[in-house]
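S.K.: Start counting at 1 in the sequence shown, then tack on 1, and there's your number in our numbering. Every residue, glycine too, gets a C-beta built ideally from N, C-alpha and C. Quick caveat: nothing in here was measured; it's all calculated off a predicted structure.
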Amino acid sequence: MWLMAVAVVVVACSEDEGAPVTPSFPEEEQILSVKAGESVDLVFEASMDWKLYSSTLWCRFSNGMTSISGQAGKQTVQVSVNEEMLSYGEMQAEITLKQGDMEKVIAKLTRQGEGLWVTDANGNYFSEENLIPFFYREIGKGVDINFTTNYDWTIEEYPEWLVVNEAPLKGLGFRPGNITVTIKDEFSAFAKKGDIKVKRTGTDDFVNIPVNFYGIDRVSSDKNAWGGWTFSSDGSKYSTSNSMTGESDEFDAPLVMQNVLVNGNDYEVLYFEDFSDKQYRLMDDDSKWINATIESNEGVENKTAKVSVMENSTSKKRKGAILVIPTDTLNMIGRDNLLTADNDFTEAVGKYVLIGLEQKSNLNLTDEFMVDCGESTPVAFSKIENPDLSLIEKYGTDKIYECELPSGVAYDTFIITSSEMFQPYYSWNQNFPWPGVNVDYTSIMTSFSLTGITEKSGTEIDPETQQLVEPLSVMIMYYTSTGMEDMVVLLIKREIK
């Protein structure tokens, strides 16, 4: 405790010993500057009973009270200055001496103020280590900030990416304050820091409440990443399943994705191929068949992506996914840790899939069926326009397609699958005049595989007619989207050189 001594002399005089005593007070007041927690000794001499008064609660005498009394004589009274109601700026207390019916201020104590401060709800000062965090999951929700100051405050300045509800706001010192803050949608992607300025009302003095938005922890856009996006074999069209009708809506490529959000401008675009039912492998520049062009939009953090695919010249449909991931996140996870042991995306990585898609094979040219030739040479088939009446009578339909197998090519895989999946059962009828060629059905009869097609299949001579064997005829019964039964026929023949 710091002690200071101040002498104040009070003289009582009288020409006649029996006359009333008139106390004398010093002409000048003592002006003292004292810090909170310190004490000062006030020394004075009085010729009659006296009483001292303090004008404030934070200035008390040695008895712990704001007043103290004594008898005539030389006095030393300790005055203590505490931290009660300590605020920004200096505060002053007056000490009044009373003798008889007369009193006068004999000293003024100035308590030195402390600096401006703002504390959180737990009484901790705000700092870079004790800031207000914002997370992407809180986008669209208000975040409450509770605080207390040692001064009357006004809030009217804050980062452009924030909204302080009902600002400008004002409040009183030493009373709990509360504001609700939200992040603007157009600034909801990038990580960023800023300060909410809590000004001392009527001045330019202020204390900052630091805020930190950690940015989006995934990639998002206006499109559902797993919305059943399918591109045509030549890449000129794409479609997605309409959730209202169950049918596919088709559009011209590229697929444009708006409001793409990713944390920052330093990111990587990775392309993965789904080679076996959610088993992925990373494609390099030479093998990739998907492409995404991502463009920034001026003045905002969202981006625009355009997704396209190369022509699929194989007889197999293919699937893939595009990953858009911040470089620092990619480095933290590690390029070798993007996939699980089963080659699916890890939970952490799956949040950065911009889109999953598939592309039809170049042979899926009808609305009724598709053909998968595996690794063998693809076959092209086309619809017979205006077929002869004899063909219509023979097969019972005018929807007749034909394909020609290249000369000298065997087919270990030749799978015919219906494109209409509105019913779980189908009727497959076929005529097999080719020796050794048979059919294997799937369990629910939605597709079947022709087996035993060798290099010579389709070139044999029919022993009965002594003519070239007839084409294989595959009759496909199916139900359309309207529930009507329909049928198409696929004629398979061999190229003869």
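#1: Would you grab the beta carbon distance between Ser221 and Leu256 for me? Rounded to a whole angstrom, and I think it's under 8 Å.
#2: Please state the DSSP three-state secondary structure of Thr305.
#3: What is the DSSP secondary structure of Lys279, counted as helix, strand or coil?
#4: Is Asn266 buried or exposed, if buried means 16 or more other CB atoms sit within 10 Å of its CB?
#5: Scan the stretch 307–365 and note each continuous alpha helix (DSSP H) run of 4 residues or more that stays entirely inside, going in chain order.
#6: If you draw a straight line from the C-alpha of Lys352 to the C-alpha of Val475, how long is it?
#7: Within a Cβ cutoff of 8 Å, which residues of the same chain sit near Gln280, ignoring the five residues on either side of it in sequence?
#8: Sorted by chain position, which residues of the same chain lie with C-beta nearer than 6 Å to Glu274's C-beta, five sequence neighbours on each side aside?
#9: Grouping DSSP H, G and I as helix and E and B as strand, with all else coil, what is Tyr126?
#10: Write down every uninterrupted run of the beta strand (DSSP E) in the stretch 33–62 whose length is 3 residues or greater and which is fully enclosed by it, in chain order.
#11: Which same chain residues, not among the five before or five after Ile184, have their C-beta less than 8 Å away from its C-beta?
#12: Mark Ser408 as exposed unless 16 or more other C-beta atoms lie within 10 angstroms of its C-beta, in which case mark it buried.
#13: Can you find at least 3 beta carbon pairs, one from the stretch 21–38 and one from the stretch 61–72, that sit closer than 8 Å?
#14: Pick out the complete beta strand (DSSP E) segments inside the stretch 216–253, 3 residues or longer, and give them in chain order.
#15: Please list, in chain order, all residues of the same chain as Pro177 whose beta carbon is under 7 Å from its beta carbon, the five residues on each side excluded.
#16: Below 8 Å on the Cβ atoms is my contact criterion, and I expect Leu53 with Leu98 to pass it. Report the Cβ-Cβ distance as a whole number of Å.
#17: Could you spell out where the beta strand (DSSP E) holding Tyr402 opens and where it closes?
#18: Within 10 Å of its beta-carbon, does Thr466 have 16 or more other beta-carbons around it, so buried, or fewer, so exposed?
#19: Tell me the rounded alpha-carbon separation between Ser234 and Val489.
#20: Please classify Lys361 as buried or exposed, where buried requires at least 16 other C-beta atoms within 10 Å of its C-beta.
#21: Any heavy atom of the ligand NAP inside 7 Å of the beta-carbon of Glu269?
#22: Under three-state DSSP, which class holds Ser391?
#23: Using only the alpha-carbon positions, how far apart do Thr330 and Ala192 sit?
#24: With DSSP as the reference, please indicate the residues paired to Lys457 in a beta bridge.
#25: CB Glu187 to CB Pro169, shorter than 8 Å?
M.R.: The answer reads as follows:
#1: Not really, about 16 Å apart at Cβ, beyond 8 Å.
#2: strand
#3: coil
#4: exposed
#5: 328–334 and 348–351
#6: 45 Å
#7: Asp343, Asn344 and Asp345
#8: Arg282, Met284 and Gly321
#9: strand
#10: 40–47, 51–55 and 60–62
#11: Phe135, Glu139, Ile140, Trp162, Leu163, Val164 and Phe214
#12: exposed
#13: no
#14: 230–232, 238–242 and 249–253
#15: Asn147 and Thr149
#16: 6 Å
#17: Ile401 to Leu406
#18: exposed
#19: 22 Å
#20: buried
#21: Of the ligands one can find in the structure shown there are none, so the ligand NAP has no counterpart to examine.
#22: helix
#23: 13 Å
#24: Its beta-bridge partners do not exist; DSSP assigns none.
#25: no
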